[in-house]
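Numbering (this note's numbering), first residue to last: 51 to 252.
Yeah, the Cβ is synthetic: ideal placement off N, Cα and C, and Gly gets one too.
These figures come from a predicted structure and were not determined experimentally.
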């Protein structure tokens, strides 16, 4: 087993949480990870004029790319809404193959906030139209995060409003999982993460 194991960074959150915006700032500047697997971008590449039409094929390609990356023991990042348990087996496989798994969860305070943010993006042409019911369900289902916590080695949470110290997640008693919020990171990490968050939640 190498001294520096590969790392899988999971950028998670419901629709409208700012995952891609956060990732494009955070990954290259904070953790120097340049491989970012994003199902939405894959779908746009397959069908630029109608990305949702390629969602199923994009999901298959994403899974294949994850398999390849794990087999090659490459450090990479992926984006997910946590809308299902599809990736859990793959993540367990990555953990079994010596990966460090770092989960970054971008939260929104309510389904209403997710709906408002997606509507803004639809108006700008940067997001496919999605029904209010689907967005509300997606916000709730994103709580699937609970299934990933036992797999992740570390868990970071960030949201649209800076948390007070008293609201900081308590440290897990298990040595296999550490989680944190921005308040607990070093100054350089705070600066980079705050910039990424400010961009994602503007």
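- Does the beta-carbon of residue 101 have 16 or more other beta-carbons within 10 angstroms, so that it is buried, or is it exposed? buried
- Straight-line CA distance for residue 143 to residue 166? 37 Å
- Message: Considering only the alpha carbon of each residue, which of 56, 74 and 55 lies closest to residue 129?
- Response: Selected option, being the one with the closest Cα: 74.
- Task: Reducing DSSP to helix, strand and coil, say where residue 140 ends up.
- Result: helix
- Message: Using C-beta distances below 8 Å, list every residue in its chain close to residue 78, excluding the 5 sequence neighbours before and after it, in chain order.
- Response: 84
- Item | Spatial distance of residue 214 from residue 107 (CA atoms) | Unreliable positioning characterises residue 214 in this predicted model, as indicated by a pLDDT of 32, which lies under 50. The coordinate reading is nonetheless provided below. Distance between the alpha carbons of residue 214 and residue 107 is about 42 Å.
- Alpha carbon to alpha carbon, how far is residue 169 from residue 68? The alpha-carbon atoms of residue 169 and residue 68 are separated by roughly 13 Å.
- Can you give the Cα-Cα distance for residue 113 and residue 82, rounded to whole angstroms? Approximately 23 Å, taken between the alpha carbons.
- Item | Sequence ranges, alpha helix (DSSP H) only - wholly within the segment 74 to 102, length at least 4 | Within the segment 74 to 102, the complete alpha helix (DSSP H) runs of at least 4 residues fall at 89 to 96.
- Task: For residue 216, count neighbouring C-beta atoms within 10 Å of its own C-beta (all shown protein chains included) and say buried if the count is 16 or more, exposed if not.
- Result: Caution applies to residue 216, whose pLDDT of 31 falls short of 50 and renders its modelled position unreliable; the value that the coordinates give is listed next. Residue 216 comes out exposed.
- Item | Residue of 138, 149 and 132 minimising C-alpha distance to residue 119 | 149
- Item | 8 Å CB neighbourhood of residue 117 in its chain, flanking five on each side removed | Sequence-distant Cβ neighbours of residue 117 in its own chain, meaning closer than 8 Å and more than five residues away, are 140.
- Message: Counting C-beta neighbours from all protein chains within 10 Å, is the total for residue 54 16 or more, i.e. buried, or is it exposed?
- Response: exposed
- Message: Please report the distance separating the alpha-carbon of residue 87 from that of residue 135.
- Response: 17 Å
- Query: What does DSSP give as the partner residues of residue 35 in its beta bridges?
  - Reply: In the structure displayed, the chain extends from 51 to 252; residue 35 sits before or after that span and is not available.
- Under three-state DSSP, which class holds residue 158? coil
- Straight-line Cα distance separating residue 105 from residue 91: So the alpha carbons of these two residues sit roughly 10 Å apart.
- Task: Spatial neighbours of residue 115 within its chain, please: CB distance less than 7 Å, with the 5 preceding and 5 following residues excluded, ordered by chain position.
- Result: 87
- Task: Helix, strand or coil for residue 132, going by three-state DSSP, please let me know.
- Result: coil
- Task: Drop a sphere of 10 angstroms on the beta-carbon of residue 99, count the other beta-carbons inside from all chains shown, and report buried for 16 or more, exposed for fewer.
- Result: exposed
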